[in-house]
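Asks: Numbering-wise, the sequence shown is residues 742 to 870 according to the numbering used here.
Glycine included, each C-beta is placed from N, C-alpha and C at the ideal position.
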Amino acid sequence: GGKLLNFAVVNGLGEARSIVEAVLQGNSNLHFVEVMTCPGGCVGGGGQPYRTDTEAVKKRLQRLYEVDRKSQTRLSHENEQVKALYRDHLGEPLGEKSHRLLHRRYVNRKALAAAEKEPPGERSRTAHV
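#1: Any idea if alanine 797 is buried or exposed, counting beta-carbon neighbours within 10 angstroms, 16 or more meaning buried?
#2: Work out the CA separation of aspartate 794 and leucine 765 for me, nearest whole Å.
#3: Return the CA-CA distance between glutamine 803 and lysine 744, expressed in angstroms with no decimal places.
#4: If we count Cβ pairs, one from each stretch, closer than 8 Å, do we get three or more for the stretch 744-760 versus the stretch 769-776?
#5: In this structure, how does DSSP classify valine 751 when only helix, strand and coil are distinguished?
#6: Just the C-alpha distance for asparagine 752 and cysteine 783, rounded to the nearest angstrom, thanks.
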């Protein structure tokens, strides 16, 4: 007798946009969406393989800095899409709504990780709660 929840994980803001639009238009049954904003995941970020090869991590980091230096928009608060998100949906930066929806806090997930039975890398999940 619990409630059925639908989850999705998206990689990159381009893919996230289509899911957000579907949710806002009422065309999605998703209850939770995790967005990994960096295409391929952030260097050393959550969901990334743990690398012991520090040279590979350094090379990837250097490449990302190179891409960033060449980017037209380098600061998130100057990004027109971020400005539109705040203007159209979130209100002011650090306001109640944006804080509630965008900010995270540390939660020890060791017990969850040990109990997880699904293989890593699943794109979407459904859970009963």
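Replies: By the coordinates alone:
#1: Translated into positions along the sequence shown, residue 797 becomes position 56. The residue in question, alanine 797, is exposed, as its Cβ has fewer than 16 Cβ neighbours within 10 Å.
#2: Position 24 of the sequence shown, counting from 1, holds the residue named residue 765. Position 53 of the sequence shown, counting from 1, holds the residue named residue 794. Approximately 42 Å, taken between the alpha carbons.
#3: Here residue 803 refers to the residue found at position 62 of the sequence shown. Here residue 744 refers to the residue found at position 3 of the sequence shown. Those two C-alpha atoms are separated by around 45 Å.
#4: yes
#5: Against the sequence shown, residue 751 aligns to sequence position 10. Valine 751 falls in the strand class under three-state DSSP.
#6: Position 11 of the sequence shown, counted from the first residue, corresponds to residue 752. Position 42 of the sequence shown, counted from the first residue, corresponds to residue 783. Their backbone Cα atoms lie some 10 Å apart in a straight line.
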